[in-house]
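Numbering (the numbering used here), first residue to last: 217 to 290.
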């Protein structure tokens, strides 16, 4: 299972790797979602991990677009 796009060369940090490994523990019971109760903490960690990754990718794309616009006006 890969969470990054194949062309993405960014390295995963140690804490990100640990969070991912913790969320993929095989011996643990299946993740559960209870819409009106306490959500599974592993599910929350996974969502947080994916949100951070998406934010980094979005920021990198914005920087790339800004640099392209800057080159056009030069």
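Ideal Cβ positions, reconstructed from N, Cα and C, are used throughout, including at glycine.
Asked: Residues in the same chain with beta-carbon distance under 8 Å from residue 285, minus the five sequence neighbours each way, listed in chain order, please.; Found: none
Asked: According to DSSP, simplified to helix, strand and coil, what is residue 246?; Found: coil
Asked: Just to confirm, is the Cβ distance from residue 268 to residue 239 under 8 Å?; Found: no
Asked: If we ignore side chains and look at the alpha-carbon of each, how far apart do residue 227 and residue 272 end up?; Found: 12 Å
Asked: Between the C-alpha atoms of residue 256 and residue 279, what's the straight-line distance to the nearest angstrom?; Found: 35 Å
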